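The structure appears right after this line, and notes come after that.
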Amino acid sequence: MKKYYFLITLLAIMFVFLIAVLIVAAKRSDDYFNLLGSLNNIVIKI
Numbered sequence: 491m492k493k494y495y496f497l498i499t500l501l502a503i504m505f506v507f508l509i510a511v512l513i514v515a516a517k518r519s520d521d522y523f524n525l526l527g528s529l530n531n532i533v534i535k536i
């Protein structure tokens, strides 16, 4: 049971890190809405 808890925690940390990186990238780039649009396209493709 503890193994699964560790894996879920690791996945959650990775997910939060990914979101943080995306936010930083969006703030640095001028085309924030283009980034959001491409993100939506990626989500739709998956």
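Per our numbering, residue 491 is the first one in the sequence shown, and the count goes up by one each step. Beta carbons are placed, not taken as given, at the ideal position from N, Cα and C, and that holds for glycine. The model shown is predicted, which means the values in this text are computed figures rather than measured ones.
Proximity to residue i [Cα-Cα], best of the options
{"i": "I513", "options": "K493, L529, Y494", "result": "L529"}
{"i": "I509", "options": "L526, Y494, F496", "result": "L526"}
Which of helix, strand or coil DSSP assigns to residue i
{"i": "M504", "result": "helix"}
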